[in-house]
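Student:
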Amino acid sequence: MSRARRIARDRRVRWALDGLWLLALTLYIFAGMDAAPFHGDESMLLYMSHDYHYLVQQRDVERVLYRDPPIDPLEQELRLINGTIPKMAMGLAWDLAGYTVEDLNQPWLWGFYDPKGEWNEWTYSRAFGHMPSEGLLHAGRVSSAALLALSALALFTITRWVVPARWAAWLATGLYVTQPSVLLNGRRSMMEGAMLLGATLVILAAAGLMRAQARADVSGRARWAWALALGVAGGVALASKHTNALVLAIAFLVALVEPLLRRSAGARFNAAHVARLAVAGALALAVFLALNPAWWSDPLHMPERVLELRRKVVEGQVRGYGGFDTWRERPAALIDHAFFAPPQYYEVPVWQEYIGDQITAYESSLLSGRLGGAIPGWLVVVAFLYGALALAKRWRDGPALLALLWPLLIALALLVSNSLNWQRYYLPLQPGIALIAAAGGAWIVAFVRPRARSEERA
């Protein structure tokens, strides 16, 4: 066999093994999907998928446009403060599963109180149509789990581009998919699967653009293609969950300054470079608007309305459920949720009474992810610190710098802006943590292996 044929064969084998690994992770995600304990926000997202009925089945754009006064105040508020892709994906899922809009549940009754004491939030919601049927819930979870699996594929590719060792991509995706909070919230019929996919796609496109910028043999057409991909990914990420705006800011910033940091003959910060990113930014906004028909009636004033609605929601959550008492609690919560905390199945303590049996069954199924606690957490911390140092040494390499800043700047933003000790709000950290920890693992192995071999020869 010729050398070229042998190389091609080895490449196909490696690709096949990569595919089998990603397939195994996907099967693991789906295997525990139905066992994941229920959350009331799943009812809210499935209720929001009425918009799929309005837009796709009835083709009634007028029904979802912003109005003052609104046709349905709750529907309009939920439509404005939440992303569109998760609910539309859920609508497609229940449509393909044979369900209709008449099968949709009503929104969850958070804070329900019966002065007579005959009902509580759980019993009333189950009895009067505020909880989805098992089949409807399954359909919604299929859409979310599929988006989570695709985010693992994106993370695998990012890691292959950032870390030289091929097995590091296996480690990164393994850490990511077995992270208990990622698994739990990504499996549920909520926004987190879509949010994580949108974020990883933005980082993937930005890394691809910077790789193209760094190579003198890459045509301008290829660089434009990556810039347009970044714009589309950015719009999709924003339409998945508005908090992905921070990921866009990080990606665009690093892509913009990358030619200034790189020391090579091909490093050019010129008009064409700026134009590509400007077009990518405009495309991201255009895609976001295209995916948000509620904005079409008054797009210029919509950001202000959305921010005001979101502010009121957060203030209500803090009043109702309590926030951080001091600033010192914020870094402790961030580190805990990033590395050590078990999955947070609920944010309201009384839910232990409602889903305690579901939690027990889920945790005993061996499908809830890797073990939490001090020892696994510290192993990831050590790998993360080594990975951060390894990437910091390569700070002139655009993809490496992007991988480093991705979780670090998100962590900084959470410290400043997040006022609730809710694990879901820390999920954007997890793909970046997994990537940096994998880089650390590769650095440790590369450091130890030559020394171990030299000792064997001695």
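Going by my numbering, the sequence shown opens with residue 17, and the numbers climb by one from there. Idealized CB from N, CA, C, for every residue including glycine.
For L420, count the other beta carbons within 10 Å of its own beta carbon; 16 or more makes it buried, fewer makes it exposed. Which is it?
Tutor: buried
Student: Just confirm the distance between the C-beta atoms of L220 and I174, as a whole number of angstroms; I'd bet it's less than 8 Å.
Tutor: Contact between L220 and I174 holds, since their C-beta atoms are separated by about 5 Å, short of 8 Å.
Student: Drop a sphere of 10 angstroms on the beta-carbon of Q195, count the other beta-carbons inside from all chains shown, and report buried for 16 or more, exposed for fewer.
Tutor: buried
Student: Output the boundary residues of the alpha helix (DSSP H) element that contains E510.
Tutor: For the chain, the structure presents residues 17 to 474; residue 510 sits outside this window and is missing.
Student: Label N286 either buried or exposed according to how many other C-beta atoms from any shown protein chain fall within 10 Å of its C-beta, with 16 as the threshold for buried.
Tutor: exposed
Student: Distance, Cα to Cα, S5 vs H289?
Tutor: This structure leaves residue 5 out entirely; the chain is present only between 17 and 474.
Student: If the criterion is Cβ atoms closer than 7 Å, does the pair P423 and I449 meet it?
Tutor: yes
Student: Determine, using beta-carbon pairs with one atom in the region 249 to 260 and one in the region 210 to 224, whether at least three such pairs fall under 8 Å.
Tutor: yes
Student: My output table needs one value for L38: the three-state DSSP class, helix, strand or coil.
Tutor: Assigned with DSSP and collapsed to three states, L38 falls in helix.
Student: If you scan the region 393 to 449 from start to end, which runs of the alpha helix (DSSP H) of 4 or more residues do you find wholly inside it?
Tutor: 414 to 433
Student: Using a Cβ-Cβ cutoff of less than 6 Å, which residues in the same chain neighbour L277 once the five nearest sequence positions on both sides are dropped?
Tutor: R412
Student: Closest to S380 by C-alpha separation, out of D233, R22 and A52, would be which residue?
Tutor: A52
Student: Which residues in the same chain have their Cβ closer than 7 Å to the Cβ of W37, if we skip the five residues on either side of it in sequence?
Tutor: W186
Student: In angstroms, rounded to a whole number, what distance separates the CA positions of L39 and W31?
Tutor: 12 Å
Student: Grouping DSSP H, G and I as helix and E and B as strand, with all else coil, what is P358?
Tutor: coil
Student: Shortest alpha-carbon distance to V432 belongs to which of I45, L262 and G190?
Tutor: It is L262.
Student: Do you know how far the Cα of P148 is from the Cα of A309?
Tutor: Reading off the sequence shown, one finds Pro at residue 309, where the question assumed Ala. Answer to the nearest angstrom: the Cα atoms are 26 Å apart.
Student: With DSSP collapsed to three states, give me the class of N201.
Tutor: Note: N201 maps to helix in three-state DSSP.
Student: Along the chain, where does the alpha helix (DSSP H) that runs through V117 open and close?
Tutor: V117 -> no alpha helix (DSSP H), and no H or E assigned at all.
Student: Exposed or buried, V364, counting other C-beta atoms within 10 Å across all chains shown (16 or more means buried)?
Tutor: Exposed: under 16 other Cβ atoms inside 10 Å.
Student: Is the number of C-beta pairs between the region 70 to 78 and the region 394 to 402 that are closer than 8 Å three or more?
Tutor: no
Student: Using beta-carbon positions only, say whether A462 and V179 come within less than 7 Å of one another.
Tutor: Going by C-beta atoms, A462 is not nearer than 7 Å to V179.
Student: Could you tell me whether the region 109 to 121 touches the region 60 to 68, using the rule of 3 or more Cβ pairs below 8 Å?
Tutor: yes
Student: In the DSSP assignment, find the unbroken alpha helix (DSSP H) run with P347 in it and report its ends.
Tutor: E345 to I351
Student: Counting pairs of Cβ atoms below 8 Å between the region 81 to 100 and the region 130 to 141, do you hit three or more?
Tutor: no
Student: Between which two residues does the alpha helix (DSSP H) carrying H289 extend?
Tutor: Residues A287 to A306.
Student: If you draw a straight line from the alpha carbon of L350 to that of Q439, how long is it in whole angstroms?
Tutor: 9 Å
Student: Output the distance between the C-alpha atoms of A162 and T42, rounded to the nearest integer angstrom.
Tutor: 8 Å
Student: Taking just the CA atoms, how far does A165 sit from M207?
Tutor: 14 Å
Student: Applying the criterion that 16 or more other CB atoms from any shown protein chain within 10 Å of the CB defines a buried residue, is S18 buried or exposed?
Tutor: exposed
Student: Taking C-beta to C-beta, are L293 and L272 nearer than 7 Å?
Tutor: yes
Student: My understanding is that G297 touches F268, with C-beta atoms under 8 Å, so please give their C-beta distance in whole angstroms.
Tutor: Contact between G297 and F268 is confirmed by a C-beta separation of about 6 Å, below the 8 Å threshold.
Student: Going by CA-CA distance only, name the one from W242, G414 and A109 that's closest to S160.
Tutor: A109
Student: Tell me which residue opens and which closes the alpha helix (DSSP H) that Q92 is part of.
Tutor: For Q92, the enclosing alpha helix (DSSP H) begins and ends at P89 to I97.
Student: Taking buried to mean at least 16 other C-beta atoms within 10 Å of its own C-beta, is K328 buried or exposed?
Tutor: exposed
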